[in-house]
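Residue numbers (the numbering used here): -6 to 405.
Don't be surprised by glycine CBs; every beta carbon is placed ideally from N, CA and C.
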Amino acid sequence: MDRLPGFRDFYPEPVPKGEAWSADVREYIFDRWQAVARRYAFQCYDGPPLEPLELFTAKSGEEIVGQLYNFVDKGERHVSLRPEMTPTVARLVAKNERHYKKPIKWYSMPQLFRYERQQRGRLREHFQFNADIFGEGNPAADAELIALLIDVLRAFELTADDFVIRLSSRNAWQDFFSSKCDDESKAYDFYQVVDKLERAQPEESDRKLKELGFSLDEVRAFIDTGQPTAELQAVLDNLAARGLGEFVKIDYNVIRGLAYYTGIVYEAFDRHGKYRAIAGGGRYDQLVKLVSGGKNDVPGAGFAMGDVVLAELLKDRGLLPQFTSQLDVYAMIEDEALRPQTLGLIHRLREAGWHVDYPVAPLKPDKQFKRALENGARFTLRLESDDTVKLKNLKTRGEQTLAPAEVGDQLN
């Protein structure tokens, strides 16, 4: 039986032929996401993978609603696997925001699910790095998030030659929309068309825009102005002060398709044009208020980065490390009478933090040595008596005779 389409199995290295996804690559990505978030003083949170359906149908917009894995559970509740994390974190903040000092700076790395067409960089499940700031409406909070996004990508050795953050403003787009149309119910459909301009056929975009009272030419003319609003200029100045100006530019092609965005929006793009957006985010000042039924009015902003596009990008650029065994010692057991003493030594070494493996069942000495080499061990050890150990360096092939208590000191 094989896995479902659009889902992944993660194998340890070396990954079997015909399988694409490595658990070691996934952990490498997770480690760097988490390390940079903590440098920025963000705290970790999480939520359940299954949420009330209404949390997403009321807040995310029609496109995501059409991609939900949703069903009625045994308690007759309408539920959905989470397709994104922002409504969940807004729910958490709405419930307990008074417990935390502002600004609230949180990150998470959930697995998300969307039933959508599979393509490069997009599957039906993925892991995602989310970073959000609540309780601060100043553009400085947006700049802090964008700086975090840049530094996360730099942690994978990506440079300004590899990616650019394209900044835009929903406020600017809202002003443009309102200057041409007074029917606010058409705004979401308008944003959806603009969001797909770079991917859709011009004739199709023009037709849809005309149905809403706009033309493709006037929309493109607005995009081409490229003038930063005051809030965007504040973000540019903030990032320039950090020495990050080369990573960002104003680009009104970016509008973000989700319904809840209200202010600054942005996406990280591959400068080589081979991959879709690497990450994206923006401000959503009304979302906590919507989730709480108007009880809590807390401004919010955040971004998200998926592991699928990132892993493919790093592989394409040759930036994934070679994953080798972390095995320090392979303990050989040639005399089964000494197995109990060997197990005791193995346990003491593991307690001291060393990575140790051994033959669980009796095995011929030559096969044990072969296994040590195959597993990338740095040393082998062999207990010759209760108080004598042979320790062999597999790189130099030098061998020492030691007391069991001395082994750990020789592994550094």
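Burial state of residue i (16 or more Cβ within 10 Å)
{"i": "Glu196", "result": "exposed"}
{"i": "Pro355", "result": "exposed"}
{"i": "Glu77", "result": "buried"}
{"i": "Pro41", "result": "exposed"}
{"i": "Ala233", "result": "exposed"}
{"i": "Met325", "result": "buried"}
{"i": "Lys98", "result": "buried"}
{"i": "Phe64", "result": "exposed"}
{"i": "Gly219", "result": "exposed"}
{"i": "Leu229", "result": "buried"}
{"i": "Asp359", "result": "exposed"}
{"i": "Asn231", "result": "buried"}
{"i": "Arg110", "result": "exposed"}
Contacting residues, own chain, Cβ-Cβ under 6 Å from residue i (five flanking each side not counted)
{"i": "Pro221", "result": "Ile243"}
{"i": "Gln112", "result": "none"}
{"i": "Asp199", "result": "Leu209"}
{"i": "Asp188", "result": "Ile248 and Gly250"}
Check: residue i C-beta below 7 Å from any heavy atom of the ligand FAD
{"i": "Gln194", "result": "Absence of the ligand FAD from the depicted structure is noted, as is the absence of any ligand whatsoever, leaving it without description."}
Contacts around residue i, its chain only, beta-carbon distance under 7 Å, and the 5 residues preceding and following it disregarded
{"i": "Leu237", "result": "Ala140 and Ile143"}
{"i": "Asp379", "result": "Gln334"}
{"i": "Ile22", "result": "Asp300, Leu303 and Ala304"}
{"i": "Leu46", "result": "Asn63, His71, Val72 and Ser73"}
{"i": "Phe169", "result": "Phe215"}
{"i": "Asp66", "result": "Val72"}
{"i": "Cys37", "result": "Tyr100 and Ser101"}
{"i": "Phe3", "result": "Trp14, Ser15, Ala16 and Arg19"}
{"i": "Phe49", "result": "Ile57, Val58, Leu61, Ser73, Pro76 and Pro80"}
Residue from the options with nearest C-alpha to residue i
{"i": "Val400", "options": "Arg390, Arg110 and Val349", "result": "Val349"}
{"i": "Arg(-4)", "options": "Asp155, Leu366 and Glu118", "result": "Glu118"}
{"i": "His340", "options": "Lys189, Val322, Phe240 and Thr81", "result": "Val322"}
{"i": "Leu105", "options": "Phe127, Arg1 and Leu374", "result": "Arg1"}
{"i": "Lys88", "options": "Val284, Glu377, Glu137 and Ser318", "result": "Val284"}
{"i": "Gly256", "options": "Glu224, Gly273 and Arg235", "result": "Glu224"}
{"i": "Arg235", "options": "Leu138, Met(-6), Ala83 and Gln60", "result": "Leu138"}
{"i": "Asp309", "options": "Lys67, Lys267 and Gln194", "result": "Lys267"}
{"i": "Phe262", "options": "Phe156, Gln60, Asp278 and Asp135", "result": "Phe156"}
Neighbour flag for residue i against chain B, beta carbons, 8 Å
{"i": "Asn123", "result": "The structure shown contains no chain B; it holds only a single protein chain."}
Neighbourhood of residue i by C-beta, 8 Å cutoff - its chain only, sequence neighbours within 5 removed
{"i": "Arg25", "result": "Val145, Ala148 and Phe149"}
{"i": "Ala396", "result": "Asp380, Thr381 and Val382"}
Meets three-Cβ-pair contact criterion under 8 Å: the region 325 to 343 and the region 293 to 303: no
Given 8 Å, three or more beta-carbon pairs between the region 387 to 403 and the region 366 to 376: yes
Length at least 4, wholly inside the region 51 to 89: the alpha helix (DSSP H) runs in chain order: 55 to 58 and 79 to 89
Stretch pair the region 126 to 141 + the region 1 to 21: three plus CB contacts closer than 8 Å: no
Any beta strand (DSSP E) of 3 or more consecutive residues that is wholly inside the region 102 to 135: 104 to 106 and 118 to 127
Continuous beta strand (DSSP E) assignments of at least 3 residues falling wholly in the region 8 to 56: 43 to 45
Unbroken stretches of the beta strand (DSSP E), 3 residues or longer, contained in the region 207 to 267: 241 to 243 and 257 to 263
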